[in-house]
Amino acid sequence: MTDQPDVIDATRHMDPDGSIVLSARLLGRVVVRKLESSEHVHISFAGMRGLPSSYFNELLQMIVSTLKTKDLCERVKFEFDSPVQVQVFERSLAALRQDAA
Amino acid sequence: MPRRRLTIDFNIDDTLPSVTALIRVLDPMLECDDPNTVWDVDLSRCRYVGPDGAAVLLAAVLDTRLWGLQVEVTLPRDPPQLDAFCAFSGLKHRLHGEPMPDTSVPENETVPLHTFSRANFRDADPMIDLIRRHTGISKDSEDYLRISVNEVTQNVEDHSRSKIGGVSCARYLSGRREVRVAIVDCGAGIAETLRPRYPEITTGSVALQRVTIGKITALSRSNNAGLGISQLWNAIGTLGGRIFILSEDGAAENIKGTNRTIQRMDPPFPGTGVFFTLPVETSP
Numbered sequence: 495m496t497d498q499p500d501v502i503d504a505t506r507h508m509d510p511d512g513s514i515v516l517s518a519r520l521l522g523r524v525v526v527r528k529l530e531s532s533e534h535v536h537i538s539f540a541g542m543r544g545l546p547s548s549y550f551n552e553l554l555q556m557i558v559s560t561l562k563t564k565d566l567c568e569r570v571k572f573e574f575d576s577p578v579q580v581q582v583f584e585r586s587l588a589a590l591r592q593d594a595a
Numbered sequence: 020m021p022r023r024r025l026t027i028d029f030n031i032d033d034t035l036p037s038v039t040a041l042i043r044v045l046d047p048m049l050e051c052d053d054p055n056t057v058w059d060v061d062l063s064r065c066r067y068v069g070p071d072g073a074a075v076l077l078a079a080v081l082d083t084r085l086w087g088l089q090v091e092v093t094l095p096r097d098p099p100q101l102d103a104f105c106a107f108s109g110l111k112h113r114l115h116g117e118p119m120p121d122t123s124v125p126e127n128e129t130v131p132l133h134t135f136s137r138a139n140f141r142d143a144d145p146m147i148d149l150i151r152r153h154t155g156i157s158k159d160s161e162d163y164l165r166i167s168v169n170e171v172t173q174n175v176e177d178h179s180r181s182k183i184g185g186v187s188c189a190r191y192l193s194g195r196r197e198v199r200v201a202i203v204d205c206g207a208g209i210a211e212t213l214r215p216r217y218p219e220i221t222t223g224s225v226a227l228q229r230v231t232i233g234k235i236t237a238l239s240r241s242n243n244a245g246l247g248i249s250q251l252w253n254a255i256g257t258l259g260g261r262i263f264i265l266s267e268d269g270a271a272e273n274i275k276g277t278n279r280t281i282q283r284m285d286p287p288f289p290g291t292g293v294f295f296t297l298p299v300e301t302s303p
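Protein chains in written order, with the working numbering: chain A, 495 to 595; chain B, 20 to 303.
Structure follows, in C-alpha cells:
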C-alpha cells in the first residue's frame with residue numbers, strides 16, 4: 495500500500511443531473527476503491543456547496559462498509575472550506591459513531 | 020356538474036396562522052373524491068399572497084387535479100404588487116397558462132414555483148441568483164440557505180411518496196434582507212412514515228416533536244440517519260430565522276431561537292409543508 499494520501503476532489507465526482515444521493519454514492523465508490531490501495535485518503539470538499547446531512551450519511555456509510563468506524567478518521571481526512579459545512583458533516587459523523595458504539 | 024366555491028378573502032401572510040387558515044378553506048376540495056365536482060377557488064379579494072401561500076395553493080390544485088377533479092382559480096389583481104407576484108411566482112402561468120414574465124428584471128424579488136421529484140444540488144441556485152441580483156451574499160449565508168433547502172428537498176424525495184412531488188417557492192425581501200422559502204408536498208406525512216418503526220407516534224404533533232430533536236428516521240432509504248429536520252431547525256433558529264413545519268395534524272413553530280411550540284392542526288395538512296425565513300448576511 496502506498497503511504498502518501500491521495501486527494502480526492504469531491505467536485506469531480508458529482509452526478510451530472512445533480513442528484514444529491516447519487517453524488518454521494520459516486521464519491522463513496524471512488525473513496526472505497528482508493529482505500530484498497532492507499533493507507534490514507536484525503537477528500538477535499540472545497541468548492542462544494544449545500545451538502546445536506548443525507549449526502550454525508552450516504553458517503554460515510556459507504557466508507558465504513560469497508561473499514562471500521564473507529565479507523566475512519568485515521569485513514570480518511572475530510573477537508574472543507576466552509577465552517578457551516580463542517581457542522582453538518584460532524585453531526586453525521588457523530589451519528590455514525592453513536593450507532594457503531 | 021355541481022360547482023363549489025371556496026373563497027379566500029383574507030391575506031395569506033407567510034405565517035403559521037395564515038397558512039392554517041388557507042388549509043381550512045381548501046380542506047373540502049382536498050377531501051373531495053367526487054370527480055364530477057368543479058371547484059372554484061376565489062382569491063380575488065385576497066390582498067397578500069407570498070411564497071407560503073403560493074406553494075400551498077399550487078400543491079393543493081395539483082393534488083386535486085391528480086384525482087381527476089376540476090379546479091379553477093381566480094387570482095387577485097389588486098394591489099399591483101400582488102398582481103406582479105402572481106405573475107413572477109408563476110401562479111398565473113401554472114394556473115391560467117399565461118406566459119412567464121422575465122424573472123431576471125431588477126424589480127423581481129420572487130423565485131417562481133418549482134415542482135420536483137428528486138432533490139438536486141441546483142435547487143437553491145435560483146434563490147442565490149435572485150439574492151445576488153439585489154445584494155452580495157456572504158458565503159456562510161449561501162451555505163446555510165443551500166443546505167436548508169437541500170435538507171427539505173431530500174426529505175421529500177426520500178420519505179413523502181408524494182404523487183405531485185414537491186412544490187417550492189421563494190421570495191427575497193430586500194428591505195428586510197431575508198429570504199422566505201416554502202417547500203410543500205402532498206404525500207404521507209411525517210407521522211405516517213415513522214409509524215411502522217415507531218408505533219407510539221400516533222399524531223403529527225408527536226412526530227414533529229421527535230424529528231425536530233433528531234435521530235429518528237423512517238429509514239425510507241437505508242442510510243437515512245434522521246438528522247435533516249433537526250439540522251434545519253437548529254440552523255434556522257441559531258441564525259435568528261423563523262420556521263414552521265406542518266405535517267398531517269401537527270404544527271411546529273420555533274419561538275425564539277430553537278425552542279419550539281407544537282400544536283394540533285385541524286383540519287390536517289395534506290402532506291408536509293416546511294416554511295422558513297432566513298436572514299441574509301450580505302457580503303461587502
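Ideal placement from N, C-alpha and C gives every residue a C-beta, glycine not left out. Note that the structure is predicted; figures quoted are calculated from it, not measured.
Where residue i falls, given that 16 or more other Cβ within 10 Å makes a residue buried
i              : result
D12 (chain B)  : In the structure displayed, chain B extends from 20 to 303; residue 12 (chain B) sits before or after that span and is not available.
H115 (chain B) : exposed
T496 (chain A) : Caution is warranted here: a pLDDT of 47 is assigned to T496 (chain A), below 50, making its placement in the model unreliable, and no coordinate value can be reported.
A595 (chain A) : exposed
R585 (chain A) : buried
W252 (chain B) : buried
P354 (chain B) : In the structure displayed, chain B extends from 20 to 303; residue 354 (chain B) sits before or after that span and is not available.
T154 (chain B) : exposed
N139 (chain B) : buried
D511 (chain A) : exposed
E126 (chain B) : exposed
I274 (chain B) : exposed
E573 (chain A) : exposed
P13 (chain B)  : The requested residue 13 (chain B) is not part of the displayed model; chain B covers only 20 to 303.
N174 (chain B) : buried
G223 (chain B) : buried
D285 (chain B) : exposed
E267 (chain B) : buried
A207 (chain B) : buried
P596 (chain A) : Here chain A covers residues 495 to 595 and nothing more, so residue 596 (chain A) does not appear.
G194 (chain B) : exposed
K111 (chain B) : buried
R523 (chain A) : exposed
Beta-carbon contacts of residue i that lie in its chain and below 8 Å, excluding the five residues immediately before and after
i              : result
L520 (chain A) : H507, M508, D509
V168 (chain B) : D142, A143, M146, S187, V200, I202
V525 (chain A) : I502, V535, I537, L553, M556, I557, V570
V225 (chain B) : A210, E219, G269
Closest by C-alpha distance to residue i, when choosing among the options
i              : options                        : result
E568 (chain A) : A:L529, A:A504, A:S513         : A:L529
D28 (chain B)  : B:Y67, B:T56, B:L35            : B:Y67
A270 (chain B) : B:L238, B:L297, B:T231         : B:T231
D71 (chain B)  : B:D102, B:R84, B:T34, B:G276   : B:T34
V90 (chain B)  : B:S239, B:A237, B:G260, B:P47  : B:P47
T39 (chain B)  : B:L213, B:L76, B:V60           : B:L76
S241 (chain B) : A:S513, A:S548, A:S532         : A:S548
R84 (chain B)  : B:R165, B:F104, B:C205, B:R261 : B:C205
S302 (chain B) : B:E161, B:R137, B:L258, B:S37  : B:E161
S179 (chain B) : B:R23, B:R137, B:L81           : B:R137
G259 (chain B) : B:V299, B:P289, B:T222, B:T221 : B:V299
R151 (chain B) : B:N174, B:T172, B:S123         : B:S123
M578 (chain A) : B:R23, B:T296, B:L81, B:D159   : A small correction: the amino acid at residue 578 (chain A) is Val; Met does not occupy that position in the sequence shown. Comparing Cα-Cα distances from V578 (chain A) to each of B:R23, B:T296, B:L81, B:D159, the minimum goes to B:D159.
T277 (chain B) : B:Q250, B:F288, B:E267         : B:Q250
A518 (chain A) : A:G544, A:A588, A:L561         : A:G544
S239 (chain B) : B:L81, B:S193, B:P215          : B:P215
Sequence-distant residues of the same chain with beta carbon closer than 6 Å to residue i, five excluded per side
i              : result
G292 (chain B) : V203, L265
S63 (chain B)  : T93, P95
L246 (chain B) : G233
A540 (chain A) : D575
H133 (chain B) : S187
P287 (chain B) : E267, D268
L149 (chain B) : V130, Y191
F135 (chain B) : G184, G185
Own chain, CB closer than 7 Å to residue i, minus 5 neighbours either side, in chain order
i              : result
L12 (chain B)  : No information on residue 12 (chain B) is available, as it lies outside the stretch 20 to 303 that chain B covers here.
F550 (chain A) : V582, F583, S586
F263 (chain B) : L35, A270, A271, E272, F294
L213 (chain B) : I220, A226, I235, A237
E197 (chain B) : T296, L297, P298, V299
Residues from the segment 243-268 of chain B in contact with chain A, defined by Cβ distance under 7 Å:
N243, A244, L246, G247, Q250
Quick check on the DSSP output: what are the complete beta strand (DSSP E) runs of length 3 or more inside the segment 534-563 of chain A, in order along the chain?
Fully enclosed beta strand (DSSP E) runs of 3 or longer: 535-538.
Within 7 Å of chain A by C-beta, residues of the segment 130-145 of chain B in sequence order:
R137, A138, N139, F140, R141, A143
What residues in the segment 205-238 of chain B have a beta carbon less than 7 Å from any beta carbon of chain A?
K234
If you scan the segment 220-289 of chain B from start to end, which runs of the alpha helix (DSSP H) of 4 or more residues do you find wholly inside it?
223-232, 247-257
Give the residues from the segment 26-55 of chain B that approach chain A closer than 8 Å (Cβ to any Cβ), ordered along the chain.
In summary, no residue of the segment 26-55 of chain B has a CB separated from any CB of chain A by less than 8 Å.
Entirely enclosed alpha helix (DSSP H) segments - the segment 69-133 of chain B, minimum 4 residues
70-85, 99-107, 110-115
At a CB distance below 7 Å, what residues from the segment 153-167 of chain B approach chain A? Give them in sequence order.
Considering only beta carbons, the part of the segment 153-167 of chain B lying closer than 7 Å to chain A consists of K158, D159, E161, D162, Y163, R165, I166, in chain order.
If contact means a Cβ-Cβ distance below 8 Å, which residues of the segment 513-533 of chain A contact chain B?
S513, I514, V515, S517
Threshold first: 4 residues or longer. Then list the alpha helix (DSSP H) segments lying entirely within the segment 173-221 of chain B, N to C.
209-213
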